[in-house]
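A.B. asks:
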Amino acid sequence: MGLHWGLLQEGETPLGTSHYHRYKQLVKEVQFAEEMGFDFWGGSEQHGLSPIATTSAPDILYAYIAAQTSRINFMHQIVLLPHKINHPLRVAERIATLDIVSDGRAILGVGRGNNPFQLAAFGADATTVRAEMMESLEVIGKALSHEEFEHVGERLNIPRMSLSPRPYQNPHPPIMMVGTSLESNRYAGEMGIGIINFDNWLGWDELEEKAAAYKTAIKNPTRQVGGAVFDRMCNCVITAYCAETREEAKAIAGPIAMSFLGAISELTYGRLAKESPDYAYMARTGEELQEIIKNNDLDALIERTPSILIGTPDDFIERGRRLEAMGYDEVTLRLEGMGHEQVLRSMELIGRHVIPHFKAPNSIARVAPVGDGRIT
44 MGLHWGLLQE
54 GETPLGTSHY
64 HRYKQLVKEV
74 QFAEEMGFDF
84 WGGSEQHGLS
94 PIATTSAPDI
104 LYAYIAAQTS
114 RINFMHQIVL
124 LPHKINHPLR
134 VAERIATLDI
144 VSDGRAILGV
154 GRGNNPFQLA
164 AFGADATTVR
174 AEMMESLEVI
184 GKALSHEEFE
194 HVGERLNIPR
204 MSLSPRPYQN
214 PHPPIMMVGT
224 SLESNRYAGE
234 MGIGIINFDN
244 WLGWDELEEK
254 AAAYKTAIKN
264 PTRQVGGAVF
274 DRMCNCVITA
284 YCAETREEAK
294 AIAGPIAMSF
304 LGAISELTYG
314 RLAKESPDYA
324 YMARTGEELQ
334 EIIKNNDLDA
344 LIERTPSILI
354 GTPDDFIERG
364 RRLEAMGYDE
374 VTLRLEGMGH
384 EQVLRSMELI
394 GRHVIPHFKA
404 PNSIARVAPV
414 GDGRIT
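Under the numbering used here, think of the first position of the sequence shown as 44, with each following residue one higher.
#1: Under a Cβ-count criterion, where at least 16 other Cβ atoms within 10 Å of its own Cβ denotes burial, should Leu187 be classed as buried or exposed?
#2: Given that a residue counts as buried once 16 or more other Cβ atoms are within 10 Å of its Cβ, and exposed if not, what is His215?
#3: Scan the stretch 98-125 and note each continuous beta strand (DSSP E) run of 3 residues or more that stays entirely inside, going in chain order.
#4: Could you tell me the distance, in whole angstroms, from the CA atom of His194 to the CA atom of Ala135?
#5: What is the rounded straight-line gap between the Cα of Cys277 and the Cα of Ile335?
#6: Round the Cβ separation of Phe273 and Met219 to the nearest angstrom and send it over; I've been treating them as touching at under 8 Å.
#7: Determine the extent of the beta strand (DSSP E) in which Trp431 is found, giving its start and end residues.
#8: For a test of the three-state rule: what should DSSP assign to Met220, helix, strand or coil?
#9: Just how far apart, CA to CA, sit Glu290 and Ser179?
#10: Label Ala411 either buried or exposed according to how many other C-beta atoms from any shown protein chain fall within 10 Å of its C-beta, with 16 as the threshold for buried.
#11: Of all the options Gln74, Gly156, Glu181 and Val182, which has the alpha carbon lying nearest to the alpha carbon of Thr170?
#12: Check whether the Cβ atoms of Tyr312 and Thr328 lie closer than 8 Å to each other.
#13: In whole angstroms, what separates the C-alpha of Glu53 from that of Ile351?
#14: Quick check on Glu72: buried or exposed, where buried means 16 or more other Cβ atoms within 10 Å of its Cβ?
#15: I need the boundaries of the beta strand (DSSP E) containing Asn129, first residue and last residue.
#16: May I have the straight-line CA-CA distance separating Ser389 from Ile95, to the nearest angstrom?
#17: For the beta strand (DSSP E) containing Arg377, list its first residue and its last residue.
#18: Excluding the five sequence neighbours on either side, which residues of its own chain have a C-beta within less than 6 Å of the C-beta of Arg395, listed in chain order?
#19: CB Leu151 to CB Arg377, shorter than 8 Å?
#20: What is the residue span of the alpha helix (DSSP H) that Pro399 lies within?
#21: Between which two residues does the beta strand (DSSP E) harbouring Asn240 extend?
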């Protein structure tokens, strides 16, 4: 019912403060997000990226917060599927366990990873991680869907066995895959799983092309994994901030957007594009990001990319409408880096003005006062 809004938070911890303090803030932020009507929340599995991202064991964090919330869903954004980082059986076991302890609020989002340092730390080969991810998805789908299963593949051989515990949802939690390329969107559709479009720095036309590719493929999943088809598209906004005026929003979140952009341009795209043909498409993105950073043109960045959303509630509503028109079901906002109190304030504005526009439009006061508005 309407566009669903969620949050991506990675435990960004300001220098000079503690991870303990930031994690305790995260708990309060998720509780408040639930109160404000957000549909889902989650972090990405990241290793060695402190202070930008500290969620190296998100399953534990989700289970803790699940016990202190009742409605909001927990979407992995994402679990890393290179085999040297996560064996697919362990992924299936953990998502089933989270699904049970959260009363069916688990969503599994997966990916191969876009951080060359964490791939190197675990000894993962950038040239094989896509193939490993695809095979892992086969195993996870089998494990979650069947009482008994086995797998004989190119890299993994699993004898006949049963997954325990079994997930709470029937047939199992939704499965989604992060995608940064047109090819990834096709793959997700062919496998019958959802897509989380991420890092759409090349503009709206590219995002629309991805949506079209996914929608075409999902109509006839030729290599379905799992026990159901999950037709859902999510756009990830990598820097989001909502304020009462655009000027305030840009003053608070603009520096965050530009610094984050510079970090991923240098650390991710330039390096990975050189390490594997599967990441070669990132070279163009890295080059264009460098040009944006050089010009320091925040307004052009906001206008150009679906990955930045900084503005007023009306700006958020306009962006949501645009995504809905393209067929997107969900938006996930990385709302972090500006401090706990400002995060809460932004959540409140989105919860009071943006989410109701899509979920409960009849509840919004729209009629102007009669006459001069005074009662006599």
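Cβ atoms here follow ideal geometry from the backbone N, Cα and C, with glycine treated the same way.
C.D. replies: Checking against the coordinates, here is how it stands:
#1: buried
#2: buried
#3: 116-118
#4: 14 Å
#5: 25 Å
#6: 7 Å
#7: A question about residue 431 goes unanswered here, because the residues of the chain that appear run from 44 up to 419.
#8: strand
#9: 45 Å
#10: exposed
#11: Gly156
#12: yes
#13: 17 Å
#14: buried
#15: Per DSSP, Asn129 belongs to no beta strand (DSSP E) and is neither H nor E.
#16: 19 Å
#17: Glu373 to Arg377
#18: none
#19: no
#20: Ile398 to Lys402
#21: Gly237 to Asn240
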